[in-house]
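In this note's numbering, the protein residues as written are 164 to 494.
Even glycine gets a Cβ: it sits at the ideal position worked out from N, Cα and C.
Single-structure report; data block below.
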């Protein structure tokens with residue numbers, strides 16, 4: 164699928180682990196001029212909104228301020244507008260963008276890479292989109308009349324993984340989440356015979372903020388967290404040195420994480436707490452172990468070192484970012 168050089172896309176997407184850059188590169192490879200804007204408030208503002216939303220006070224005014232800042236930066240019309248999640252992009256701004264920044268023949272697309280249960284989304288924005296996609300099969304089943312199902316993708320760089328001597332049985336890399344933090348610490352305690360390495364990122368000020376104002380954070384140890392984001396090369400480096408990758412999606416999430424799809428590209432074993440992975444065409448118990456988040460029982464040590472079972476290349480290709488963009492942009 165290609166485009167004339169005059170065609171343009173507005174991509175409103177979370178600036179998250181470089182996935183926005185990978186999507187932009189794929190779109191530009193098709194000849195589009197792409198403008199990217201952050202879909203989520205970040206820093207202190209983002210934490211403030213999240214906290215206010217938790218306690219159901221005053222969040223709407225801060226979100227409206229964020230939306231107006233975005234709208235003030237938009238000064239042209241686009242052939243395609245793509246919003247990825249964007250819980251802070253409400254019907255207020257979506258309507259304005261459709262009326263002011265979309266060409267008459269253009270289309271607006273919405274893609275969810277979070278579950279609706281977690282987003283607490285503004286569903287009044289849905290009618291302004293021409294197409295809505297979700298990575299969550301449950302959300303798709305509940306909204307089949309307006310949703311299309313489209314799993315997440317792997318970036319092509321993950322196909323280039325080079326195996327090194329393995330230093331760990333299990334590695335996990337991700338953003339800090341309260342439940343995830345304690346699950347990993349508990350997993351290490353219960354499975355001392357398995358070498359586990361974890362890299363959990365959080366802005367330091369955010370953790371200090373929570374520790375200062377929320378009692379349940381008193382047991383979160385700063386030395387178990389990382390305050391510097393890993394580069395793509397550093398992430399790949401950790402995966403090259405491990406037998407398997409640990410995937411712990413957020414409670415309430417049914418769709419497969421990026422991490423699960425990336426393991427498919429890397430031919431890397433994965434241990435996940437998401438039982439829904441068994442419903443996908445690449446599932447093989449020799450490669451994917453479904454762990455009960457209550458018992459935290461890991462497979463025996465031999466599972467980690469047995470060879471990876473090859474998956475049909477056509478199936479693997481279906482989960483590439485190239486195929487994901489092809490489906491997203493289809494008429």
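For residue i, the first and last residue of its enclosing beta strand (DSSP E)
| i | result |
| --- | --- |
| residue 244 | 241-247 |
| residue 172 | 171-176 |
| residue 311 | 310-312 |
| residue 201 | 196-201 |
| residue 333 | 331-338 |
| residue 405 | 405-410 |
| residue 420 | Looking at the DSSP string, residue 420 is not in any beta strand (DSSP E), and its letter there is neither H nor E. |
| residue 453 | 451-453 |
Contacting residues, own chain, Cβ-Cβ under 7 Å from residue i (five flanking each side not counted)
| i | result |
| --- | --- |
| residue 301 | 417 |
| residue 281 | 413, 415, 416 |
| residue 373 | 380 |
| residue 351 | 359 |
| residue 385 | 370 |
| residue 367 | 390 |
| residue 353 | 459 |
| residue 219 | The pLDDT assigned to residue 219 is 49, lower than 50, so where the model puts this residue is not dependable; a value taken from the coordinates is nonetheless given after this. Excluding sequence neighbours, residue 219 sits near nothing in its chain. |
| residue 259 | 234 |
| residue 199 | 174, 176, 183, 187 |
| residue 195 | 166, 170, 171, 172 |
| residue 189 | 484, 485, 488 |
Own chain partners of residue i with C-beta closer than 6 Å, once the 5 adjacent residues on each side are dropped
| i | result |
| --- | --- |
| residue 474 | 445 |
| residue 318 | 185, 484 |
| residue 502 | With the chain running from 164 to 494 in the structure shown, residue 502 is simply not present. |
| residue 277 | 248 |
Cβ-based burial, residue i [other Cβ within 10 Å; buried from 16]
| i | result |
| --- | --- |
| residue 423 | buried |
| residue 390 | exposed |
| residue 267 | exposed |
| residue 334 | buried |
| residue 450 | buried |
| residue 482 | buried |
| residue 396 | exposed |
| residue 226 | buried |
| residue 468 | exposed |
| residue 486 | exposed |
| residue 411 | buried |
| residue 204 | buried |
| residue 303 | buried |
| residue 437 | buried |
Beta-carbon contacts of residue i that lie in its chain and below 8 Å, excluding the five residues immediately before and after
| i | result |
| --- | --- |
| residue 252 | 175, 202, 230, 233, 246, 288 |
| residue 365 | 338, 339, 388, 389, 390 |
| residue 479 | 427, 428, 445 |
| residue 313 | 274, 296, 297, 298, 487, 490, 491 |
| residue 343 | 337, 363, 411, 413 |
| residue 405 | 329, 330, 331, 332, 333, 334, 360, 431 |
| residue 443 | 314, 419 |
Rounded straight-line distance, which links the Cα of residue j to that of residue i
| i | j | result |
| --- | --- | --- |
| residue 240 | residue 256 | 15 Å |
| residue 223 | residue 311 | 29 Å |
| residue 237 | residue 286 | 23 Å |
| residue 172 | residue 296 | 17 Å |
| residue 348 | residue 363 | 11 Å |
| residue 191 | residue 197 | 7 Å |
| residue 284 | residue 250 | 6 Å |
| residue 272 | residue 408 | 32 Å |
| residue 420 | residue 275 | 12 Å |
| residue 228 | residue 177 | 17 Å |
| residue 181 | residue 440 | 24 Å |
| residue 270 | residue 376 | 44 Å |
| residue 292 | residue 243 | 11 Å |
| residue 183 | residue 308 | 28 Å |
| residue 398 | residue 254 | 36 Å |
| residue 382 | residue 346 | 13 Å |
| residue 378 | residue 321 | 40 Å |
| residue 356 | residue 466 | 13 Å |
| residue 400 | residue 457 | 30 Å |
| residue 425 | residue 323 | 11 Å |
| residue 315 | residue 264 | 27 Å |
N-terminal and C-terminal residue of the alpha helix (DSSP H) that residue i is part of
| i | result |
| --- | --- |
| residue 357 | Neither: residue 357 is in no alpha helix (DSSP H) and is coded neither H nor E. |
| residue 435 | Not the alpha helix (DSSP H): residue 435 falls in the beta strand (DSSP E), residues 432-435. |
| residue 341 | 341-353 |
| residue 182 | 182-191 |
| residue 465 | 464-468 |
| residue 493 | First-last for residue 493: undefined, no H or E at that position. |
| residue 477 | 476-480 |
Distance cut-off 6 Å: residue i Cβ against heavy atoms of the ligand ATP
| i | result |
| --- | --- |
| residue 434 | You won't find the ligand ATP in this model; it holds no ligand whatsoever. |
Enumerate, from N- to C-terminal direction, the unbroken alpha helix (DSSP H) stretches of 4 or more residues contained entirely within the segment 363-397. Segments of the alpha helix (DSSP H) lying fully in the segment 363-397: 367-376.
Pick out the complete beta strand (DSSP E) segments inside the segment 231-300, 3 residues or longer, and give them in chain order. The segment 231-300 contains these whole beta strand (DSSP E) runs: 241-247, 265-275, 294-297.
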